[in-house]
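J.: After the structure tokens below, expect a handful of questions from me.
Number of protein chains: 2
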Amino acid sequence: MVTLKQLARELNVSISTVSKALNNSEEIGEETVRRVKELAELYNYKPNKVALSLKQNKTKTIGVIIPNILNHFLAKVLFGIEREATKLGYNIITCISNESLDKEKESLQILANGSVDGFILSVAEETQIKNEVDHFKKTISQGLPIVMFDRVAHDVMCDKVIVDDFDATYNATKGLLNEGRKRIAFISNIDQISVGKLRERGYAKAILENHDMEPITLIIKKKDDHQKKIKSFLKKNKDIDGVIAADSSSGIIAINTAVNQGKKVPKDISVIGYASRADSNHTLPRLTTIRQHAKVIGANAAQMLVHRLQNMHLNEDVKTKIVKTSLVKTKSILKENNP
Amino acid sequence: MVTLKQLARELNVSISTVSKALNNSEEIGEETVRRVKELAELYNYKPNKVALSLKQNKTKTIGVIIPNILNHFLAKVLFGIEREATKLGYNIITCISNESLDKEKESLQILANGSVDGFILSVAEETQIKNEVDHFKKTISQGLPIVMFDRVAHDVMCDKVIVDDFDATYNATKGLLNEGRKRIAFISNIDQISVGKLRERGYAKAILENHDMEPITLIIKKKDDHQKKIKSFLKKNKDIDGVIAADSSSGIIAINTAVNQGKKVPKDISVIGYASRADSNHTLPRLTTIRQHAKVIGANAAQMLVHRLQNMHLNEDVKTKIVKTSLVKTKSILKENNP
DNA sequence: GTGAAAGCGCTAACAA
DNA sequence: TTGTTAGCGCTTTCAC
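Quick mapping for you: the protein sequence lines, in order, are chains A and B. The opening position of the first sequence corresponds to residue 1 in the UniProt record's numbering, with each subsequent residue numbered one higher. The opening position of the second sequence corresponds to residue 1 in the UniProt record's numbering, with each subsequent residue numbered one higher.
As structure tokens, this is what we get:
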């Protein structure tokens, strides 16, 4: 890499002259500016990022800590973050906590040594179970702002981007009730994390508003055979005529299994799941999905963080942004499910 | 963040003494070392990464350029890279090229300003179509090594990690032939990229070895309705009794569609697809999959890059590592498909 | 209009 | 054993 020093020597001017010329300082003579820029162009000079970071005490880099990159929703949020961050002139350093509290702590630690200006993260499962938040608070008190998305720690004062999980699930369940469904089940593979709980509560509320109904819930555990569990669940509960799935796999497997067991979808059973467009392709009929607009969530998180970084001195109050889901209806539910 | 300067002042010693003490230099007295370490611990001192990078002219950071993070295989490779890199003491800066040549060039450019020590990347689709490689060569000549994985540019001299796509597809197709299948189709949603072509060629070779057979190929385009295309393809070609799918969605949709059209899997039709474990859960029966061991690929790429970074002076020859796929057989093919 | 010098945080050669 | 100094690449204040 060419440095200012090298350019300066070659041009027989001082380093600071070169620096100023390249930064369009008024101080420098027109002719000099031209010469400097020409040579810089020729050598493809690019200011050294590390030196700039050191000097200006900011890296223009965001630390992103994702619990699980193989989760399609989280990958999509990452996509949104990356795109927005790039647009705003920031790079992202990605760490994967793998749902582990220790890895999360460690990532925070390692990047807080000057590598990044702030963090965007979704809380690891283990962290949520143990309800630990000190590492977040410590990071923030060190002057590194955090934006949390989706799985957030409510006890931590920081900017947040969340989904209206409770309302969305409540409304989806209401929709199935309005179709006339009487035995609606809730299937979840994400019972341990905050959003999973919110979804379950939204479902339960809608069900319990009918005095003659009770929630029917199937929780899948990590170690379970996902397909087998749902198969035997549907076999045992033959009267189930509706399913709300808290995660994409459960929704897909529910439809495919129901069809396989000879049920007609949506005649005999309606299915709605949290999933993305690509997922809905994996069933026939396509799965009706609650879309979380992951990319928007990511973009919002990036915007909030950058905004805070650029207004650190103002000490603004923390904000929570709610990104509304939308229900994309397909043939996995009855046509007129609104009265 | 606490700095050496602050510690030094508080302890009434010089900065270098503090530095040496923390780095366990033999030079410093036992007692001094103790005092320094104590205070450093108290203040939770961490050496400033940026300053270190500047000083040592290396960042211990790897630039990773992924064409598409929503592709499960690529996400999984990223996972493998991250884990191995972390293990080796490296961070990763992630850029997403979004299959665009310009974004790929730009990412390379931006990170080559001192932000990273080297790159791990998979070539963008547009880059492969236009067959551009200058930006890679330029980066390498600037002293930043590249490791390419999966989609590689053969004209670029650099380390590579690839999959035995050709052989794996050839063998899978042979397997179906050995079952006695006569009308085996190849379905691909990734016809434009190098690995897609390799897979098609592997399939074609196996088919053409039978003098009475012809390849039957369905290429899905980006703008197509994936489900519809496969549906009408299978409807039009009712005699198809085997499918090799080049990508995971095609495999899943093929099974679900076949079942939907009243075919028995695997009695009437066998299906094999490039897909991961999670995907195979999305069909009944489960999809027989060619596993690419994405995490292993990622880990290998990270190892190769770090090895090269740590042996830059040796100027070793470039290597290409082939990671073998494995075929995971399930009930989507006939039990005895080997003669 | 140009340059010298300080300083961001750190390491290391050299001096004391 | 400890301290001084220079230098990594850059910006910026202050002299000239």
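We put the CB at the ideal spot given by N, CA and C, even for glycine.
Starting from residue 249 of chain A, find everything on chain B with Cβ-Cβ shorter than 8 Å and list it in chain order.
T.: Ordered by position in chain B, the residues that pass the 8 Å Cβ test against residue 249 of chain A are 278, 281 and 282.
J.: What are the start and end residues of each continuous alpha helix (DSSP H) run of 4 or more residues lying completely inside the stretch 44 to 117 of chain B, in chain order?
T.: Runs of the alpha helix (DSSP H) inside the stretch 44 to 117 of chain B: 49 to 56, 72 to 87 and 101 to 111.
J.: What do you reckon, are the CB atoms on residue 284 of chain A and residue 260 of chain B nearer than 8 Å?
T.: Against a cut-off of 8 Å, the Cβ pair of residue 260 of chain B and residue 284 of chain A comes out as a contact.
J.: Looking only at DSSP bridge pairs, what is residue 217 of chain A linked to?
T.: Bridge partners of residue 217 of chain A: A:186.
J.: Residues of the UniProt domain "HTH lacI-type" (2 to 56) of chain B in Cβ contact with chain A at a cutoff of 7 Å, in chain order, please.
T.: Flagged, chain order: 46, 47, 48, 49, 50, 51, 53 and 54.
J.: Spatial neighbours of residue 339 of chain B within its chain, please: CB distance less than 7 Å, with the 5 preceding and 5 following residues excluded, ordered by chain position.
T.: Here residue 339 of chain B scores only 40 on pLDDT, less than 50, and its place in the model should not be relied on; the value that follows carries that caveat. The answer, listed in chain order, is 178.
J.: Where does residue 279 of chain A fall in DSSP's three states?
T.: Residue 279 of chain A: helix per DSSP, three-state reduction.
J.: Select from the stretch 221 to 245 of chain B all residues with a C-beta closer than 7 Å to any C-beta belonging to chain A, and list them in chain order.
T.: For the stretch 221 to 245 of chain B, which is checked against every Cβ of chain A, the residues closer than 7 Å are 226 and 227.
J.: Residues of chain A with CB under 9 Å from residue 96 of chain B, in chain order?
T.: Correct list: 78, 79, 82, 83 and 86.
J.: From the beta carbon of residue 288 of chain B, is the nearest beta carbon of chain A less than 8 Å away?
T.: With 8 Å as the cut-off, residue 288 of chain B does not count as an interface residue toward chain A.
J.: So for residue 162 of chain A, helix, strand or coil by DSSP?
T.: Strand.
J.: Quick check on residue 291 of chain B: does DSSP put it in helix, strand or coil?
T.: Strand at residue 291 of chain B.
J.: Any beta carbon from chain A within less than 8 Å of residue 115 of chain B's own beta carbon?
T.: Answer yes: the Cβ-Cβ gap between residue 115 of chain B and chain A drops below 8 Å somewhere.
J.: Look at the Cβ atom of residue 147 of chain A, then the Cβ atom of residue 1 of chain A, and state whether they are nearer than 8 Å.
T.: Result no, Cβ atoms of residue 147 of chain A and residue 1 of chain A do not sit closer than 8 Å.
J.: Examine chain A for any beta-carbon lying closer than 8 Å to the beta-carbon of residue 75 of chain B, and answer yes or no.
T.: For residue 75 of chain B, the answer is yes, since a Cβ of chain A falls inside 8 Å of its Cβ.
J.: Counting beta carbon pairs with one atom in the stretch 265 to 273 of chain B and one in the stretch 60 to 70 of chain B, are three or more of them shorter than 8 Å?
T.: Cβ pair count under 8 Å is below three, so no.
J.: Is any beta-carbon of chain B found at less than 8 Å from that of residue 252 of chain A?
T.: Cβ-Cβ to chain B under 8 Å: yes for residue 252 of chain A.
J.: Helix, strand or coil for residue 325 of chain A, going by three-state DSSP, please let me know.
T.: Looking at residue 325 of chain A - three-state DSSP - the assignment turns out to be coil, as it is neither helix nor strand.
J.: Please confirm whether residue 325 of chain B and residue 290 of chain B have their CB atoms less than 8 Å apart.
T.: Against a cut-off of 8 Å, the Cβ pair of residue 290 of chain B and residue 325 of chain B comes out as a contact.
J.: Specify, as a first and last residue, the run of the beta strand (DSSP E) that residue 14 of chain B falls within.
T.: Here residue 14 of chain B belongs to no beta strand (DSSP E), and DSSP marks it neither H nor E.
J.: Give me the Cα-Cα distance between residue 170 of chain B and residue 183 of chain B, rounded to the nearest whole angstrom.
T.: Rounded to the nearest angstrom, the two C-alpha atoms are 15 Å apart.
J.: Tell me which same chain residues have a C-beta within less than 6 Å of the C-beta of residue 329 of chain B, skipping the five on either side of it?
T.: Here the set comprises 288.
J.: Flag this pair as yes or no: are the beta carbons of residue 211 of chain B and residue 220 of chain B separated by less than 8 Å?
T.: Going by C-beta atoms, residue 211 of chain B is not nearer than 8 Å to residue 220 of chain B.
J.: Excluding the five sequence neighbours on either side, which residues of its own chain have a C-beta within less than 6 Å of the C-beta of residue 145 of chain B, listed in chain order?
T.: Only 118 and 308 meet the Cβ criterion.
J.: Which residues in the same chain have their Cβ closer than 7 Å to the Cβ of residue 155 of chain A, if we skip the five residues on either side of it in sequence?
T.: Result list for residue 155 of chain A: 133, in chain order.
J.: Is the CB of residue 340 of chain B under 8 Å away from at least one CB in chain A?
T.: Residue 340 of chain B lies beyond the residue range present for chain B, which begins at 1 and ends at 339; the question has no answer from this structure.
J.: Please state whether DSSP places residue 21 of chain A in a helix, a strand or coil.
T.: Here residue 21 of chain A sits in helix by DSSP.
J.: Less than 8 Å separating the beta-carbons of residue 20 of chain B and residue 27 of chain B?
T.: It is a contact, given that the beta carbons lie within the stated cut-off.
J.: Grouping DSSP H, G and I as helix and E and B as strand, with all else coil, what is residue 121 of chain A?
T.: Correct three-state label for residue 121 of chain A: strand.
J.: Taking 8 Å as the cut-off, does the stretch 235 to 254 of chain B touch the stretch 187 to 194 of chain B (at least 3 CB pairs, one atom from each stretch)?
T.: Contact between the stretch 187 to 194 of chain B and the stretch 235 to 254 of chain B is present, because at least three Cβ pairs lie under 8 Å.
J.: Name the residue from A:149, A:70 and A:125 whose alpha carbon lies nearest to the alpha carbon of residue 105 of chain A.
T.: The candidate whose alpha carbon is nearest that of residue 105 of chain A is A:125.
J.: Are any of the Cβ atoms in chain A nearer than 8 Å to that of residue 348 of chain B?
T.: Residue 348 of chain B is absent from the model: chain B starts at 1 and stops at 339.
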